[in-house]
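Data block below; observations after.
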Amino acid sequence: MNKKDVAHLLEEIGTLLELKNENPFKVRAYHNAARIINGLIENLEELVANGQLRSIKGIGEGLAEKITEFVRTGRLPYYEELKKSLPPGLEEMLAIPGLGPKRIKALYDTLDISMIGELEYACHENRLLDLEGFGIKMQENILKGIEQVRRHSEKHLFPTALEAAESLLSEISRLKGVIRSGIGGSLRRRKEVIGDIDILVSARPAEAPAIIEAFASHPDVEHVTAKGETKSSVHLKSGINADLRVINDKEYPFALHYFTGSKEHNIAMRSLAKKRGIKMNEYGLFREPSDKLIPCADEEGIFRLLGMSYIPPELREDMGEIDAAIAGRLPELVENNDLRGTFHCHTKYSDGVNTVGQMAAAARVLSWEYLGIADHSQSAAYANGLDAARVKTQWKEIDAFNGTSKGFRVFKGTETDILPDGTLDFPDKVLSGFDYVVISVHSKFKISEADMTKRIIKALKNKYATMVGHLTGRLLLSREPYPVDVQAVIDAAADYGKMIEINAHPLRLDLDWRWCRYAKEKGILLPINPDAHNTDGLRDTWYGVGTARKGWLEKKDVLNTFTAAQVEKRFESIHQ
DNA sequence: GCCGTTTTCGGCCCGACTGTTTTCAGTCG
Numbered sequence: 009m010n011k012k013d014v015a016h017l018l019e020e021i022g023t024l025l026e027l028k029n030e031n032p033f034k035v036r037a038y039h040n041a042a043r044i045i046n047g048l049i050e051n052l053e054e055l056v057a058n059g060q061l062r063s064i065k066g067i068g069e070g071l072a073e074k075i076t077e078f079v080r081t082g083r084l085p086y087y088e089e090l091k092k093s094l095p096p097g098l099e100e101m102l103a104i105p106g107l108g109p110k111r112i113k114a115l116y117d118t119l120d121i122s123m124i125g126e127l128e129y130a131c132h133e134n135r136l137l138d139l140e141g142f143g144i145k146m147q148e149n150i151l152k153g154i155e156q157v158r159r160h161s162e163k164h165l166f167p168t169a170l171e172a173a174e175s176l177l178s179e180i181s182r183l184k185g186v187i188r189s190g191i192g193g194s195l196r197r198r199k200e201v202i203g204d205i206d207i208l209v210s211a212r213p214a215e216a217p218a219i220i221e222a223f224a225s226h227p228d229v230e231h232v233t234a235k236g237e238t239k240s241s242v243h244l245k246s247g248i249n250a251d252l253r254v255i256n257d258k259e260y261p262f263a264l265h266y267f268t269g270s271k272e273h274n275i276a277m278r279s280l281a282k283k284r285g286i287k288m289n290e291y292g293l294f295r296e297p298s299d300k301l302i303p304c305a306d307e308e309g310i311f312r313l314l315g316m317s318y319i320p321p322e323l324r325e326d327m328g329e330i331d332a333a334i335a336g337r338l339p340e341l342v343e344n345n346d347l348r349g350t351f352h353c354h355t356k357y358s359d360g361v362n363t364v365g366q367m368a369a370a371a372r373v374l375s376w377e378y379l380g381i382a383d384h385s386q387s388a389a390y391a392n393g394l395d396a397a398r399v400k401t402q403w404k405e406i407d408a409f410n411g412t413s414k415g416f417r418v419f420k421g422t423e424t425d426i427l428p429d430g431t432l433d434f435p436d437k438v439l440s441g442f443d444y445v446v447i448s449v450h451s452k453f454k455i456s457e458a459d460m461t462k463r464i465i466k467a468l469k470n471k472y473a474t475m476v477g478h479l480t481g482r483l484l485l486s487r488e489p490y491p492v493d494v495q496a497v498i499d500a501a502a503d504y505g506k507m508i509e510i511n512a513h514p515l516r517l518d519l520d521w522r523w524c525r526y527a528k529e530k531g532i533l534l535p536i537n538p539d540a541h542n543t544d545g546l547r548d549t550w551y552g553v554g555t556a557r558k559g560w561l562e563k564k565d566v567l568n569t570f571t572a573a574q575v576e577k578r579f580e581s582i583h584q
């Protein structure tokens, strides 16, 4: 039983209660608790065993009791009863834009509709028109919404969304009357997948309508879903929804903060402001009761006024950043410029397209001092994995390169398969010749969580294993992670003094940022690895830096910020 | 459901937009 299971349970209870039209504050308490448990840096099972759940802010008597029962017995009758009381299709109906719990409940109570398919059929038969609060327009929008749910996933990969947002922004920022403009939302917070794009513009009020109009009629727009005086929402041809908000320039910092979110962070911030006698919204901070605006030149000013240090957007998830900012204990997040190199890159030897020399040259362009090459091992036939003989050829080439290149070092690494039985794909005699060994699962995904966890931990125990590669094997929006007890692997890595990579490929971003803090607290060093298969791929480390920052990691927590000499020393100490 | 420098009950963030209404409820972020 780990925190992910508990968080998932609480999340679902929240949703079910929502569908039952329960007290919205009760609903929020469950969703809040899910997020809090998810972000826990302490060991949940220990907290339960010691009866310390109540000491967590947001976990009261009721939740502590339910969590304890679930952790101890693996079951929660309260949840099971709740689940049984509602038809299973209702939850997926929440995905339809414009349909919330109230309307879904009305549809279920009066028309007995409990699945998307039934709803679609009822719309075609005009059966929604008789319902109070529903009309012809709503029926049309529901059909459109069903279409949208089926056609597009609601989430988009970070690079796809970023590209679409920058395309919109570059046009909008050039419009007449635009003073400041920027991207907010989950993109600015560097989430691993993106729901929609938020663009913010400041301009004189007289210019706002033209800016809104230009946005709504942009060539990337498929259709407009809302258009008001200060705000518009559109659906892009790429399948992504985008929102634009236009405000006047003195409101820009407040709107930027508001529009960056997260929603939960905003709620907590407003609640804090209120305690300080200040009303906070997207237009400003207002001293109550006079409602007098307290001006701020930028976002930094807002935090300063509320008596806290500046919270970088990546941390704004209401996962402890507000208390830390008040106490002046925010981490100094790692930055892209702190990196001096990276590990886990592929070359022509296996499934990469560039040579060792080309990869090293590209790394130098990024002002790096070293590069780790980690081609596939012999069992990875699909990726042209290297056998021991080819490994030796590559070592010679790297030695020759290092012999002539001043001020730049190539490390000899390997991405060695973790075989189904938990042994590694090279004998120790070969492994001992590498500077470092990335161990990854590339086969036999469909085993039980217990077996997969045992398999990886056994591999990690090998004295030559340096770091775990893409721990869960997930491919965002396309392949679920294989079952593995992440917490148990982190604990084992901490025990053995090993590392866990942050695979920076934008499809992976694995280790997930939600686990980074826990790993850091356990004293684990996390390398940021691009899993590059060509020279351009090296730049993917930037995505990994986003993950590290979201995971509260500082320079000292990331192996890539070490000098080549420090890296070498660390590798040696692990393999002794 | 949770919480408390207004502390065991009565609050709980705040505003824009839509579609249905004719003053507002529901949804969204």
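Position one of the first sequence corresponds to residue 9 (the working numbering), numbered consecutively onward.
For glycine and all other residues, C-beta sits at the position ideal for the given N, C-alpha and C.
For clarity, every value in this text was computed on a predicted model and none was experimentally measured.
Sort out for me which residues DSSP pairs Asn537 with in a bridge. Its beta-bridge partners are Asn511.
Within the same chain, show all residues whose beta-carbon is closer than 8 Å to that of Leu27, passing over the 5 residues directly before and after it, in chain order. Correct list, in chain order: Leu94, Leu98, Glu99, Leu102, Pro109, Ile112 and Lys113.
May I ask whether a heavy atom of the ligand SAM can be found less than 7 Å away from the beta carbon of Leu374? Among the components of this structure there are no ligands whatsoever, and the ligand SAM is therefore not found.
If you draw a straight line from the C-alpha of Met9 to the C-alpha of Leu55, how long is it? Spanning the alpha carbons of Met9 and Leu55 requires a straight line of approximately 13 Å.
In the DSSP output, what is Met327 paired with across the bridge? Its beta-bridge partners do not exist; DSSP assigns none.
Simplified DSSP state of Thr350, which is helix, strand or coil: DSSP places Thr350 in the strand class (E or B) of the three-state scheme.
Cross-strand partners of His478 (DSSP beta bridge): DSSP lists no partner for His478.
Okay, do the stretch 267 to 280 and the stretch 230 to 245 touch, 3+ Cβ pairs below 8 Å being the bar? No contact exists between the stretch 267 to 280 and the stretch 230 to 245.
Just mark Glu423 as buried or exposed, buried being the case when its beta carbon has 16 or more other beta carbons within 10 Å. Counting the other CB atoms within 10 Å of its CB gives Glu423 a total of 16 or more, which places it among the buried residues.
In whole angstroms, what separates the C-alpha of Ile464 from that of His583? Distance between the alpha carbons of Ile464 and His583 is about 18 Å.
Given Met327, which residues of its chain have a CB within under 8 Å of its CB, disregarding the five upstream and five downstream residues? Excluding positions up to five away in sequence, the list reads Arg43, Ile44, Asn46 and Gly47.
Within this structure, are the beta carbons of Cys131 and Gln147 separated by less than 8 Å? A contact, by the Cβ cut-off of 8 Å.
Going by DSSP, what residue range makes up the alpha helix (DSSP H) through Arg3? Look at the range of the chain in this structure, 9 to 584, and you will see that residue 3 is not part of it.
Could you tell me which uninterrupted alpha helix (DSSP H) segments, each at least 4 residues in length, are contained entirely in the stretch 124 to 193, listed from first to last along the chain? As for any alpha helix (DSSP H) of minimum length 4 sitting wholly inside the stretch 124 to 193, the runs are 124 to 132, 144 to 159 and 166 to 180, ordered along the chain.
Where Ala250 falls: helix, strand or coil (DSSP): Reduced to three states, the DSSP call for Ala250 is strand.
Chain-order list of residues whose beta-carbon lies under 7 Å from that of Val186 (same chain, five-residue window excluded): If we look at Val186 and ignore the five residues flanking it on each side, its Cβ neighbours are Ile180, Val209, Ala211 and Ile219.
Output the boundary residues of the alpha helix (DSSP H) element that contains Asp407. Here the alpha helix (DSSP H) through Asp407 covers Ala396 to Thr412.
Length-filtered (3 minimum) beta strand (DSSP E) runs lying within the stretch 406 to 466: Listed in chain order, the complete beta strand (DSSP E) runs (minimum 3 residues) inside the stretch 406 to 466 are 417 to 425 and 444 to 448.
Could I get the ranges of all uninterrupted beta strand (DSSP E) runs contained in the stretch 193 to 223, with 3 residues as the minimum, in chain order? Counting only runs of 3 or more, we get 204 to 211.
Just to confirm the assignment, what range does the beta strand (DSSP E) spanning Ser241 have? Note, Ser241: beta strand (DSSP E), Lys239 to Leu244.
Rounded to the nearest angstrom, how far is the Cβ of Trp560 from that of Leu323, given a contact under 8 Å? The C-beta distance from Trp560 to Leu323 rounds to 7 Å, short enough to meet the 8 Å contact threshold.
Taking DSSP as the reference, what is the three-state secondary structure of Phe570? Reduced to three states, the DSSP call for Phe570 is coil.
Between the stretch 385 to 394 and the stretch 357 to 366, are three or more C-beta pairs nearer than 8 Å? Under the Cβ criterion (8 Å, minimum of three pairs), the stretch 385 to 394 counts as touching the stretch 357 to 366.
May I have the straight-line CA-CA distance separating Val553 from Gly411, to the nearest angstrom? Rounded to whole angstroms, the separation of the alpha carbons of Gly411 and Val553 is 31 Å.
Of the choices Asp429, Ser385 and Glu405, whose alpha-carbon is the least far from that of Ala396? That would be Ser385, whose Cα lies nearest to the Cα of Ala396.
Evaluate Phe33 with the Cβ neighbour count: other Cβ atoms within 10 Å of its Cβ, from every protein chain shown; 16 or more gives buried, anything less gives exposed. With fewer than 16 Cβ atoms within 10 Å of its Cβ, Phe33 is classed as exposed.
Figure out for me which residue from Asp443, Leu165, Leu313 and Glu457 has the closest Cα to the Cα of Lys471. Asp443 is the residue among Asp443, Leu165, Leu313 and Glu457 whose C-alpha sits nearest the C-alpha of Lys471.
Let's test the definition: count the other Cβ atoms within 10 Å of the Cβ of Pro321 and tell me whether it reaches 16, buried, or not, exposed. So Pro321 counts as buried.
Residues near Ser317 in its chain [Cβ-Cβ closer than 7 Å; skip 5 each side]: Closer than 7 Å at the Cβ level, and outside the excluded window around Ser317, lie Phe311, Ala333, Gly336 and Leu338.
Leaving out the 5 sequence neighbours to the left and right, which residues in its chain are closer than 8 Å to Arg516 when beta-carbon positions are compared? Non-local beta-carbon contacts of Arg516 in its own chain, meaning distances under 8 Å to residues more than five positions away in sequence, involve His478, Arg482, Leu483, Leu484 and Asp539 in chain order.
Buried or exposed, going by whether 16 or more other CB atoms sit within 10 Å of the CB of Tyr38? When all chains shown are included, Tyr38 counts as buried.
Taking the alpha-carbon of Phe267 as reference, which of Gly193, Val229, Met123 and Leu293 has the nearest alpha-carbon? Nearest to Phe267 by alpha-carbon distance, out of Gly193, Val229, Met123 and Leu293, is Gly193.
Rounded to the nearest angstrom, what separates Phe166 and Asp138 at their Cα positions? Taking the Cα positions, Phe166 is about 42 Å away from Asp138.
Nonlocal neighbours in the same chain, by C-beta distance under 7 Å from Arg201, ignoring five residues either side: Note that residue 201 corresponds to Val in the displayed sequence, not to Arg. Answer for Val201: Lys163, His164, Leu165, Phe166, Leu484 and Leu485, listed in chain order.
Asp82 - containing alpha helix (DSSP H), residue span: It is Gly, not Asp, that sits at residue 82 in the sequence shown. For Gly82, no alpha helix (DSSP H) segment is defined, and its DSSP state is neither H nor E.
So for Ser385, helix, strand or coil by DSSP? Three-state DSSP puts Ser385 in a strand.
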